[in-house]
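A quick write-up on the structure given underneath.
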Amino acid sequence: MLELRGHKAKVFAALSPGELALYKSEQAFSSGIGICFIELQGCSVRETKSRSFDLLTPHRCFSFTAESGGARQSWAAALQEAVTETLSDYEVAEKIWSNRANRHCADCGASRPDWAAVNLGVVICKQCAGQHRALGSGISKVQSLKLDTSVWSNEIVQLFIVLGNDRANRFWAGALPPGEGLHPDTSPGPRGEFISRKYRLGLFRKPHPQYLDHGQLLQALCAAVTGPNLLKNMTQLLCVEASEGEESWSPSAPDGSFSGLLLPDPSPGVYNEVVVPATYSSFLYCGPISNKAGPPPPRRGRDAPPRMWCVLRAALEMFVSESSPEPLSLIQPQDVVCLGVSPPPTDPSDLDRFPFSFELILTGGRIQHFGTDGADSLEAWTSAVGKWFSPLSCHQLLGPGLLRLGRLWLRSPTHSALAPGLWLSGFGLLRGDHLFLCPAPGPGSPAPEDMVHLRRLQEISVVSAADTPDKKEHLVLVETGRTLYLQGEGRLDFSAWTTAIEGAAGGGGTGLQEQQMSRGDIPIIVDACISFVTQHGLQLEGIYRKGGARARSLRLLAEFRRDARSVKLRPGEHFVEDVTDTLKRFFRELDDPVTCARLLPRWREAAELPQKNQRLEKYKEVIGCLPQVNRRTLATLIGHLYRVQKCAAINQMCTRNLALLFAPSVFQTDGRGEHEVRVLQELIDGYISVFNIDSDQVAQIDLEVSLITTWKDVQLSQAGDLIMEVYIEQQLPDNCVTLKVSPTLTAEELTNQVLEMRGTDAGMDLWVTFEIREHGELERPLHPKERVLEQALQWCQLPEPCSASLLLRKVSLAQAGCLFTGIRRESPRVGLLRCREEPPRLLGNRFQERFFLLRGRCLLLLKEKKSSKPEREWPLEGSKVYLGIRKKLKPPTPWGFTLILEKMHLYLSCSDEDEMWDWTTSILKAQHDDQQPVVLRRHSSSDLARQKFGTMPLLPIRGDDSGATLLSANQTLRRLHNRRTLSMFFPMKSTQGSVEEQEELEEPVYEEPVYEEVGAFPELTKDTSTSFSTMRDQTANPETPLTSQRSFDQPFFPKAGAPGPEERPPELPPGPPSKSSSQARGSLEEQLLQELNSLILRKGETTIGLGSPSQPSSPQSPSPNGLVTQTPGFPTQPSSCSSPSSQPLT
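Heads up, the numbering used here is the position in the sequence shown plus 5, with the first residue counted as 1.
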């Protein structure tokens, strides 16, 4: 029992490996109901007062008081040892303990010694290690087997395995009288004296044949342990004379091999592994050797394999029976490439397949299956065969859960290119969801020991043989901060490795630790669902309250559990309600809730505290006791719910509603716990303080929510445009313009509006809008037809959204002028560029000169300029191209551009600025070559709203996809006519096609940029005959050009009756064909007058004219047929001063 500061009563403490558990009483300990479970990893112990000590964790400090000073000392020592144990790595110790003599201390005989004197060749216990340190590093170099793993090279490990404490003591204690040795319980004084006489003075060893002086021998041992050929030199120095009648033992033979222990290795400078003879024998069902991969043979029928007696010795021998003198066949260990455990049949009742079997992939692309009688037999055989053909570094990893073991070639991520000479030789061991990489003996550079957690990989992909220089397939494993490349010995084992690794990296379990993890150590299903809901569901009313289709939700959850990396949530394919149901169902169906069932009493106890600040502090303590995956997942979920309630004004989901919906899933209480609802509600409200969110993250959350909610308003109401800041020339406060940006505003329209607001005359200059990122290191010229708001909303996904902005800058026509022409590039763009990619794959992480080809909408990587088949191909849909390369990448030239693709970044360096602009504009045109040619305008599109024709203001039509392009006055008139808005004034022939189809048929294709004056609407008629005669002439000659080439500075003012560059002559209304032109004119005039008369009569407007009353009249004269004609010098307008009664329409 211990006293805990801040707790009224004493607590019962139980120390287990890696964890300190606190209980209210011993009875609570027996029932398993704990107060707190403290993970000891990363903790420290500090003794304070007479009976007190502190346990310092990364989250808080626990102050304990023991019953006495002796109890305090015992607890502090036990805790310190437990903390040290959490930092221990038993890999080296297990290898050294494989020699039975090393399982006891060389000096006192204590069991499981975990220290060693490297230069003396002995394994010692902790108590003896303290006395060895007192001798000094010049006599004894003490290292821990569990803590100092970095100093334990493979060669030093082999030295201790070869020697062992028994052979080392033949040298150091060969003359020790019987009964004068140490015991495990010897006190420190006699222990230190004995060790000093044994090693410092060398009183118990026999004379050395080469070194008569003991000091010279110690110096030679210290030099040998740090020099080359460590294994050979050390074994020669620690030689011993054989006594009479005893077989002479010499560590090394004249040829350098180790008799009975090591296999000879002809390669110089490479040590050999210790091969422990693996022997096993039993009956196996031996299938035939095949050259094709496939399932094991059936147990029954004509193709059933024979049951044979198999013996594993120097070779795997197969006999007909136990008494057979000669084997039918045998397999040598050097012929084995890979060992794999075959997956059991999906149907347990299927008796035609072996439920427990394994396969051996042999050299030459051969494979043989073996069936066993049960799980124990399978484990025994796979362990024995694994030790039989694999190096010693793999032996300690063999055991239950083994899936595959075999040779692999590993490419270090630091290498810059894929070349056969740069691959490292190793052995791969797949066990559970971990891939262990071990060094392999033999020629070539050995691979370093490593481990990969497959469920935490960001990507698993296969590079085909056609895309690699050595024409072999590569398996790419992308992990946080590094990329690994694996290659098999042949196609058969590579395919088996790929299938096994992809299967092990998949999901399928219902535990939180069994899920595929994202970069933040959060299950991918949680990350993907939260991202989807944040982008598309924050504005949805009743989010998480409205349920989706149960069948779709179950199917989506099954897809995530099968392989979460392959599931891509898309707005057109998945409903928000289905995604929210999937997220809640995932948390509800976990084996153990994300809040941990064992901590449920602590959650409830915290909810009962009277003060809110006390409750929040208690919540932080409980969260600190959660495992890392649970803690990060809970923080991510609470952060998401915090964002949802920030949009409560739109989605009507307050904190209380969210807590009621998620408490049954987070705590798995089926909605019966009011305490859980209160805990979750206060966690959401106190998210910033409970999870220690800094001010920058809070600002980013507010920005994201603001942009998302503003985007919602823009979609619903055209008056709710987003207000943005745009800079001109430089990012200075004086050069900033603030304006509203609608969802349909393009970069060209934005440029015109900003220049008009600043009163800047464009003249002959070309102004382009740039998207700035990385505080100016990356600049992207926006295509004139790109929508600005869509690009700005993507800034929320940046690590620093405030580093992005919009900038207007003047560029030369030679650099960006091609963006404003409708001419498409006929010949593909090709050139030599210096390239680097992230993550590094084929091109590595250094800039290399490679040929690139821009063909259509794809960027191709060529081996040579005239290559017909590309090495790599990247589609440009959805990619972004930026001028510039980040400085920390150290580009070879100051002219380069960055191409951001879906899963990677390409950094391309050019030789000069012109080449950089040429590549960038070519990529932009390739991405947008299907859009209409750009029309440069003198005024902003806002002027269009101020232009009037008659009594109808010419406003851009919004609310559909057709509003994406900027319209001239005539185009606006046609669109209004299609909606029957102006049909009573100017009847036109309407078609059955859409507005876009009609415009595509009517709009001419401009080979050069056209400059027009928006609002210069031409007069319709000078007289009726002129108007309709012009229409007939152009109808009869459709190929007649509508306009001639004009100068850049001359504005376009067409003559009356002549159609402008975007105007088409009005067509006759549908009806029977006319017999003569005069009849056509008469019918049209009569129809027009009838419509005007009927409109006036319906409205009862007998005193108000057709024009706007506030508009001044212009000198006009009526034509003989009643139509208004223009007086020279004045634009044509309907009469605004005369009443219909004074102007009869007959």
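Heads up, the beta-carbon is just placed ideally off N, CA and C, and yes, glycines get one too.
Worksheet item: Should F432 and S388 be called a contact, given that it needs their Cβ atoms to be closer than 9 Å?
Response: The sequence position of residue 432 within the sequence shown is 427, counting from 1. The sequence position of residue 388 within the sequence shown is 383, counting from 1. No, Cβ-Cβ distance for F432 and S388 is not below 9 Å.
Fill in: Reference G406, options W120, F394, L429 and F363, closest by Cα
Locating residue 406 in the sequence shown gives position 401, counting from the first residue. The shortest Cα separation from G406 among W120, F394, L429 and F363 belongs to F363.
Discussion item. I'd like the span of the alpha helix (DSSP H) that includes F165, first residue to last.
Written reply: Your numbering for residue 165 matches position 160 in the sequence shown. N159 to W177 is the extent of the alpha helix (DSSP H) around F165.
Worksheet item: Which word fits D171, buried or exposed, when buried means at least 16 other C-beta atoms lie within 10 angstroms of its C-beta?
Response: Walking along the sequence shown from the start, residue 171 turns up at place 166. Classification for D171: exposed.
Worksheet entry | Nearest candidate by alpha-carbon position, reference Y204, set P189, A134 and S158 | The residue given as residue 204 occupies position 199 in the sequence shown. The shortest Cα separation from Y204 among P189, A134 and S158 belongs to A134.
Worksheet entry | Start-to-end residues for the beta strand (DSSP E) that takes in E364 | Here residue 364 refers to the residue found at position 359 of the sequence shown. From DSSP, the beta strand (DSSP E) with E364 extends over S362 to L367.
Item to complete: Please go through the stretch 479 to 536 and give each complete beta strand (DSSP E) segment of 3 or more residues, from N-terminal end onward.
Response: 479 to 484 and 487 to 492
Worksheet item: When the Cα of F58 is compared with those of G516, L9 and I38, which residue comes out closest?
Response: For the purposes of this step, residue 58 is taken as the residue at position 53 of the sequence shown. The option with the nearest alpha carbon to F58 is L9.
Fill in: First through last residue of the alpha helix (DSSP H) which encompasses V230
Taking the sequence shown and counting its residues from 1, one reaches residue 230 at position 225. Element bounds for V230: H219 to T231.
Worksheet item: With a Cβ-Cβ cutoff of 9 Å, do L243 and A173 count as a contact?
Response: The residue labelled residue 243 in the question sits at position 238 within the sequence shown. The residue labelled residue 173 in the question sits at position 168 within the sequence shown. Yes, the pair counts as a contact, with Cβ atoms nearer than the cut-off.
Practice prompt. With hydrogens ignored, establish whether the beta-carbon of G493 is closer than 8 Å to any heavy atom of the ligand FMN.
Written response: Questions concerning the ligand FMN fall outside what the structure shown contains, since it holds no ligand whatsoever.
Worksheet entry | Terminal residues of the alpha helix (DSSP H) in which Y95 lies | The residue given as residue 95 occupies position 90 in the sequence shown. Counting along the chain, the alpha helix (DSSP H) containing Y95 begins and ends at Y95 to W102.
Discussion item. DSSP three-state label for L981, please.
Written reply: Start at 1 with the first residue of the sequence shown, and residue 981 comes out as number 976. Annotation note: pLDDT 36 at L981 (below 50); position unreliable, coordinate value reported separately. It is helical.
Worksheet item: Mind checking whether I535 and H645 have CB atoms under 9 Å apart?
Response: On the sequence shown, residue 535 is found 530 positions in, with the first residue counted as 1. On the sequence shown, residue 645 is found 640 positions in, with the first residue counted as 1. For I535 and H645, yes; Cβs fall inside 9 Å.
Item to complete: Could you tell me if V773 is buried or exposed, where buried requires 16 or more neighbouring beta carbons within 10 angstroms of its beta carbon?
Response: Reading the sequence shown from its first residue, position 768 is the one you call residue 773. Buried, by the Cβ-count rule.
Worksheet item: So the alpha helix (DSSP H) M762 belongs to, where does it begin and stop?
Response: To locate residue 762, count along the sequence shown from 1; it is residue 757. Element bounds for M762: A752 to M762.
Fill in: Residue nearest to L813 in terms of C-alpha spacing, selected from L837, T53 and E776
Along the sequence shown, one-based indexing puts residue 813 at 808. Comparing Cα positions, the closest option is E776.
Worksheet entry | Chain-order list of residues whose beta-carbon lies under 8 Å from that of R593 (same chain, five-residue window excluded) | As a first step, residue 593 is located in the sequence shown; it is residue number 588 there, counting from the start. Taken in chain order, the residues that qualify are P669, S670 and Q673.
Discussion item. Checking the sheet assignment: what are the DSSP bridge partners for E918?
Written reply: Within the sequence shown, numbered from 1, the residue matching residue 918 stands at position 913. Paired residue(s): none; E918 is not in a bridge.
Item to complete: Measure the C-alpha to C-alpha separation of W879 and P844 and round it to an integer number of angstroms.
Response: Taking the sequence shown and counting its residues from 1, the one referred to as residue 879 is at position 874. Taking the sequence shown and counting its residues from 1, the one referred to as residue 844 is at position 839. The alpha-carbon atoms of W879 and P844 are separated by roughly 15 Å.
Discussion item. According to DSSP, is A3 part of a helix, a strand, or is it coil?
Written reply: With the chain covering 6 to 1151 only, the question about residue 3 has no answer from this structure.
Worksheet entry | Cβ pair count under 8 Å reaching 3, the stretch 914 to 921 against the stretch 756 to 774 | no
Worksheet entry | Neighbourhood of N296 by C-beta, 7 Å cutoff - its chain only, sequence neighbours within 5 removed | As a first step, residue 296 is located in the sequence shown; it is residue number 291 there, counting from the start. Contacts found: G370 and R371.
Worksheet item: Is it right to say T743 is buried, meaning 16 or more other beta carbons lie within 10 angstroms of its own, or is it exposed?
Response: For the purposes of this step, residue 743 is taken as the residue at position 738 of the sequence shown. Its Cβ having fewer than 16 others within 10 Å, T743 is exposed.
Discussion item. Rounded to the nearest angstrom, what separates Y28 and D455 at their Cα positions?
Written reply: Against the sequence shown, residue 28 aligns to sequence position 23. Against the sequence shown, residue 455 aligns to sequence position 450. Each residue's Cα considered, the two are about 39 Å apart.
Item to complete: Within its chain, find whatever has a CB closer than 7 Å to the CB of L760; leave out the 5 residues flanking it on each side and keep chain order.
Response: Here residue 760 refers to the residue found at position 755 of the sequence shown. Excluding residues within five positions, the ones whose Cβ falls inside 7 Å are A767 and W772.
Worksheet item: Do the stretch 433 to 447 and the stretch 501 to 510 make contact, defined as three or more Cβ pairs closer than 8 Å?
Response: yes
Worksheet entry | Boundaries (first-last residue) of the beta strand (DSSP E) holding H780 | Your numbering for residue 780 matches position 775 in the sequence shown. Premise fails: H780 is in no beta strand (DSSP E) and is neither H nor E.
Item to complete: Return helix, strand or coil for R105, following the three-state DSSP convention.
Response: By one-based count along the sequence shown, residue 105 stands at place 100. In this structure, R105 counts as helix in the three-state DSSP scheme.
Discussion item. Quick check: the stretch 627 to 639 against the stretch 548 to 565, are at least 3 beta-carbon pairs closer than 8 Å?
Written reply: no
Practice prompt. Measuring alpha carbon to alpha carbon, tell me which of R575, T587, R636 and A563 ends up nearest P598.
Written response: To locate residue 598, count along the sequence shown from 1; it is residue 593. Checking every option, the nearest Cα to that of P598 belongs to R636.
Worksheet item: Between the Cα of M6 and the Cα atoms of C601, L491, R77 and Y95, which residue gives the shortest distance?
Response: Looking up residue 6 in the sequence shown gives position 1. Selected option, being the one with the closest Cα: R77.
Practice prompt. Report, in whole angstroms, the separation of the C-beta atoms of L824 and P789, which I expect to be a contact under 8 Å.
Written response: Residue mapping note: residue 824 aligns to position 819 of the sequence shown, counting from 1. Residue mapping note: residue 789 aligns to position 784 of the sequence shown, counting from 1. With a Cβ gap of about 6 Å, L824 and P789 count as contacting.
Discussion item. Taking a contact to mean a Cβ-Cβ separation below 9 Å, would you say I294 touches L410 in this structure?
Written reply: On the sequence shown, residue 294 is found 289 positions in, with the first residue counted as 1. On the sequence shown, residue 410 is found 405 positions in, with the first residue counted as 1. For I294 and L410, no; Cβs fall outside 9 Å.
Worksheet item: Can you round the beta-carbon distance between L440 and L459 to whole angstroms, since I take them to be within the 8 Å contact cut?
Response: Numbered from its first residue, the sequence shown carries residue 440 at position 435. Numbered from its first residue, the sequence shown carries residue 459 at position 454. Going by Cβ atoms, the distance from L440 to L459 rounds to 6 Å, so yes, they are a contact pair.
Fill in: Straight-line gap, G37 to R607 (C-alpha atoms, nearest Å)
Position 32 of the sequence shown, counted from the first residue, corresponds to residue 37. Position 602 of the sequence shown, counted from the first residue, corresponds to residue 607. Whole-angstrom Cα-Cα distance: 13 Å.
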